[in-house]
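Same order as they appear, the protein sequences are chains B and Y. Using full-length UniProt numbering, the first residue of the first sequence is number 1, and each one after it goes up by one. Using full-length UniProt numbering, the first residue of the second sequence is number 1, and each one after it goes up by one. Have a look at the structure below before the remarks.
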Amino acid sequence: MKIRLFAGLLALGLAAGCGGATVDGGATTAASPEGSADAATPAGTVKIAINPWVGYEASANVVAYLLKNELGYTVELPEIKEQLAWEGFETGDVDVIIENWGHPDLKKQYIEEKKVAVEAGSTGNKGVIGWYIPKWMADENPDITDWKNLNKYADLFKTSESGGKGQLLFGDPSYVSNEAALIKNLKLDFKIVTGGSEAALIKSAQQAQAQKKPLLFYFWDPHWLFSQTELVRVNLPEYTEGCDADPKKVACDYPEMDLDKIVSKKFADTGGKAYELVKNFQWTNEDQNKVSDDMTNGGMSGEEAAKAWIEANPDKWQAWIPK
Amino acid sequence: MSSTAVTPASRLRVPRWVVPAGIAALFALAYLAFRGTGTLPHNSEAAPFTAVTELREWIDDHRNDNPLFLYFLNYIRLFVDALYTSFHAVLVAMGWPGLIGVMGGLAWLAGGWRVALMAVAGFCSFGVFGLWQSSVETLALVSAAVLLSLAIGVPLGIWAGMSARVRKAVTPVLDVMQIMPTFAYLAPLALFFHIGAPAGVIATMIYSIPPAIRITALAIEQVSPTAVEASASLGATQAQTLFKVYLPLARSTMALAVNQTIMMALSMVVIANLISAPGLGSDIIRGLSRAQVGIMLPAGIAIVIMAVILDRMMVSVARRDPHSRIGRGNVAAAGVLAVAGLVAAAFVPRQWPEDLTVSVTRPINEAVLWAETSWYGVTTFVKDTVTIYLLNPLETVFTTAPWWLVAAAVLLVAWRVSGVRPALTALVCLLGIALLGTWEHSMRTLTTVAVAVVATLAIGVLLGIAAARSDRFSAVQRPLLDAAQTMPAFVYLLPALALFGTTRFTAIFASIIYAVPPVVRLVEDGIRHVPTSVIEAAASAGSTSAQILWKVQLPMARRAILLAANQGIVLTLAMVVVGGLVGAGALGYDVVLGFSQRPDFGMGFVAGVATVLLGVMLDRITQGADRRSLPHKRKFT
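Structure representation (structure tokens):
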């Protein structure tokens, strides 16, 4: 009796899900009802992943503000780091990455192979990563800006955390990074010390200038810090097309990147006006730095800073609003 | 007379310290001779790492077409996801006045108006802090995880309570689970269940299941056999005995099991965010990656408040007299509260109104900045002194010592303290660490743990002695210890981070304040349990108070102190690993990195396994307290 009941249940279970279940939250045979519900009601929910640097947050907050107040969407800003956010396209935890730095490997995997994400155009921002030192160091030792001389000055950069080598201060563990490969392939006598956040990098850079402390650190443009602290970029071997193809063999500087937006396939198909707005969003490094600066130094929340920029630049954002 | 009972009669022979000292000297010489040879330096492309990374890539590619995933694992994920989503939907649908009213009503039923007031005030504070949405997500996640834990854990616990054989099979598994640092659970779960809320719920469930099983089993065991026999002799069936005798009699202990399960689940909230689980953990991580204590602190406090409310409710249920009924007045009051809330919810927006929030981010950030700048001299001095004179040299010793020398030392110490079998287990764990390619980072983590444990024990034993010798001190300290032990682990990271920034020392500081309370408690209890007759005998023989402490109380409390050391080490390791989030480096950081950079997934996964091996090793080395006979007994034989 019991066995028959069990068998019956099993059969029922198999029949109900004969296609098996995929991770995106639906049986393969059934269309996902969630997505269509989002599309049917204009006031759906948009999930923009938040990556941990203020420039990203600035863009996300401006887009979120417009989605909320101009188009009536609900916006969620979950804290999900760069590479996990791509996985979020697959699980449905993320609709939009508003500022993507390269990641050709993830593009290949998630856009071409898995087909769960699509590109949504440039943000208009030009991004470049590099190694920086405070300007006073370059003034004192002009040849320090050439990577070939870094080992000569390694002693200057020693700290209690760097184990007898020079310290290269890094930011959040999730940032785009060739540092380990660069140190190895260029045979630099340096150790990566992870500060853990953008804030740690900024604080160290400000101290390095104010107290004349030596510092070599990972940083990137666009960033408001360049207008307040004098920094000089260390010249690594020049970037040439394809020199960073194999992440383990990289021995060249970072390229200038056209930062772009990535959205989930589902959002592109059913996101309606929200998707249009994300696609149209495009601004300059100066715009972003203004909002970032307000957020970091102006004591404004992301929403307040976004509002301030939006009120000051109506002609810019009105072009993004879908007709 | 009495002094001979405590110190062994002195005979003409070499002093006792000569042999251990000689062995220690031998090890020191061996280190000096072989330093730098036989080391196992870290290689981020070690074979075990790349193998796991490749496995992950394979799983990622085949998650939607491999039968194991398609017909089994993905269904679990889907089921858990549905559970979480429906919990969340119900909580959101209630609206904020509804949820506050219902929680208040439940709290009233559980523990009367005081607990109800606390619940209402507590839930209001989530809204006031501007954390309503995150709090509801966390509550939904914790509820789903606790429900699953109990659904699996309670039946298993009942089975283990009634059958000695099952208990024997389950206990060692639970032992290992309880010394597993939270970080170790994440990577395997991400592998099988991907990321997001369902993976977070499953990770939380697995982490919080041991107390559900263990305490339920204990509750069932404690049911008096006479009651069971009486019931059986009256002709009750097994099911009747279970439901009419065992469960009612075990009820109050089982409420504690629920309580512990909830507390464990809440302490997983932050960690689960590493695999994108929603909730208050997200706010903590947001603050962490902005280095803003002002963002983290309110979220941390909200988790503590949630823990305290749920704890009070469950403890009230556990303490209630099993035969008393809830008064009609209380039921009515609870009902009114819940209904009032739900009715009010119909008239206001479902989200907490923004006018009623108070932003504390800026004042806290400013306070932290003030503390940072005005105490900069002291904090930097402490941090640099410990780092330069203790941490760095010790780390050099551990990482440059030949692996076989470390292994020999572990084997010898474990053998001496705990016996042959634990020593062999410890050795196997250590060799496992070496084979996995995590030797160097494990040695670095071990260094951090060692420094933290020494400090924890020093502080803990001092405070424990003080508490045991002064009732007044003990009375002041006890509520503080109680409070400290209900707080989720990561909360301790916040003050450490505010004072010391992201360095290895931050993790040490946090693990000290995390591990000291249980150590204090164990030491105090150990000293207090020394029989008064022994102490009186020593006093009447003319011993001073200091002599009694050193010659009588401490030696006789040795077992408790060893147990405290064991607990301290396990807790410290757990915290040092979580410290990977705030600059602790080594294994903990590898785990964080594994979730941040795809090519390092394998390294993070293996680092998680290594933390478990390290935990088991440290536990086995120091678990002698439970196994070996008491020191004073041994001396009489």
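Backbone N, C-alpha and C fix where the C-beta goes; we use that ideal spot for every residue, glycine too. Bear in mind the structure is a predicted one, so any value in this text is a computation, not a measurement.
Around the Cβ of residue i, are there at least 16 other Cβ atoms within 10 angstroms (buried) or fewer (exposed)?
i: residue 296/B; result: buried
i: residue 388/Y; result: exposed
i: residue 211/B; result: exposed
i: residue 61/B; result: buried
i: residue 326/Y; result: exposed
i: residue 206/Y; result: buried
i: residue 61/Y; result: exposed
i: residue 237/Y; result: exposed
i: residue 270/B; result: buried
i: residue 585/Y; result: buried
i: residue 321/B; result: exposed
i: residue 600/Y; result: buried
i: residue 517/Y; result: buried
i: residue 82/Y; result: exposed
i: residue 618/Y; result: buried
i: residue 550/Y; result: exposed
i: residue 510/Y; result: buried
i: residue 108/Y; result: buried
i: residue 541/Y; result: exposed
i: residue 143/B; result: exposed
i: residue 312/B; result: exposed
Mind listing the chain Y neighbours of residue i? Cutoff is C-beta to C-beta under 8 Å, in chain order.
i: residue 244/B; result: In chain order: nothing, as chain Y lies at least about 14 Å away.
i: residue 325/B; result: What is shown of chain B runs 1 to 323, which leaves residue 325/B out entirely.
i: residue 247/B; result: 599
Heavy atom of the ligand FMN less than 6 Å from the Cβ of residue i, yes or no?
i: residue 211/B; result: Although the ligand FMN was asked about, the structure shown includes no ligands whatsoever.
Which residues in chain B have a C-beta closer than 9 Å to the C-beta of residue i? List them in chain order.
i: residue 42/Y; result: Within 9 Å Cβ-Cβ: nothing; residue 42/Y doesn't reach chain B, min ~11 Å.
i: residue 355/Y; result: Within 9 Å Cβ-Cβ: nothing; residue 355/Y doesn't reach chain B, min ~15 Å.
i: residue 350/Y; result: Per Cβ cutoff of 9 Å: no residues; residue 350/Y is ~11 Å from chain B at best.
Can you check DSSP and say which residues form a bridge with residue i?
i: residue 422/Y; result: None, per the DSSP bridge assignment.
i: residue 167/B; result: 191/B
i: residue 257/B; result: 127/B
i: residue 221/B; result: 128/B
i: residue 47/B; result: 76/B
i: residue 233/B; result: 132/B
i: residue 97/B; result: 262/B
i: residue 229/Y; result: Looking at the DSSP assignment, residue 229/Y forms no beta bridge with any residue, so it has no partner.
i: residue 118/B; result: 263/B
In chain B, what lies closer than 7 Å to residue i by C-beta?
i: residue 389/Y; result: Per Cβ cutoff of 7 Å: no residues; residue 389/Y is ~10 Å from chain B at best.
i: residue 289/Y; result: 52, 172, 197
i: residue 286/Y; result: 79
i: residue 282/Y; result: 78, 79
Just the chain B side, please: which residues come within less than 8 Å of residue i by C-beta, in chain order?
i: residue 582/Y; result: 196
i: residue 362/Y; result: 299
i: residue 141/Y; result: Residues of chain B passing the Cβ test: none, with the nearest at roughly 13 Å.
i: residue 663/Y; result: With chain Y running from 1 to 637 in the structure shown, residue 663/Y is simply not present.
i: residue 384/Y; result: 160
Would you mind telling me which residues of chain Y sit closer than 7 Å to residue i, beta carbon to beta carbon, in chain order?
i: residue 104/B; result: None at all; the shortest Cβ gap to chain Y is about 13 Å.
i: residue 237/B; result: By Cβ distance, chain Y contributes nothing, its closest Cβ being about 22 Å from residue 237/B, past 7 Å.
i: residue 91/B; result: 194, 195, 196
Below 9 Å on C-beta distance, what does residue i contact in chain Y?
i: residue 180/B; result: 44
Which runs of the alpha helix (DSSP H) spanning at least 4 residues fall entirely within the region 310 to 379 of chain Y, listed in chain order? 328 to 345, 361 to 374
In chain order, what residues of the region 189 to 223 of chain B put their CB closer than 8 Å to some CB of chain Y? 194, 195, 196, 197, 198, 199, 200, 203
Would you list, in chain order, the members of the region 590 to 601 of chain Y that have their beta-carbon closer than 8 Å to a beta-carbon of chain B? 592, 593, 595, 596, 597, 598, 599
Near-chain Y residues of the region 68 to 84 of chain B (beta-carbon distance less than 8 Å), N- to C-terminal order: 78, 79, 80, 81, 82, 83, 84
Check distances from the C-beta atoms of the region 42 to 54 of chain B to those of chain Y and list, in chain order, the residues that come in under 7 Å. 52
Proximal residues, the region 157 to 170 of chain B versus chain Y, C-beta separation under 7 Å: 160, 161
Report the residues of the region 160 to 184 of chain Y with a CB closer than 8 Å to any CB of chain B, ordered along the chain. none
Which residues, taken in chain order from the region 83 to 102 of chain Y, show a beta carbon closer than 8 Å to some beta carbon of chain B? none
Contact residues within the region 121 to 139 of chain Y, judged by C-beta distance below 9 Å to chain B: 133
Contact set between the region 494 to 516 of chain Y and chain B, restricted to residues whose Cβ is under 8 Å from the partner: 501, 502, 503, 504
Report the residue ranges of all beta strand (DSSP E) runs contained in full by the region 535 to 600 of chain Y; include only those spanning at least 3 residues, in chain order. none
Any residues in the region 279 to 300 of chain B with a beta carbon nearer than 7 Å to a beta carbon of chain Y? Which ones, in chain order? 299
Which whole runs of the alpha helix (DSSP H) in the region 38 to 121 of chain Y are 4 residues long or more, in chain order? 47 to 62, 74 to 93
Entirely within the region 171 to 195 of chain Y and at least 4 residues each: give me those alpha helix (DSSP H) ranges in chain order. 183 to 193
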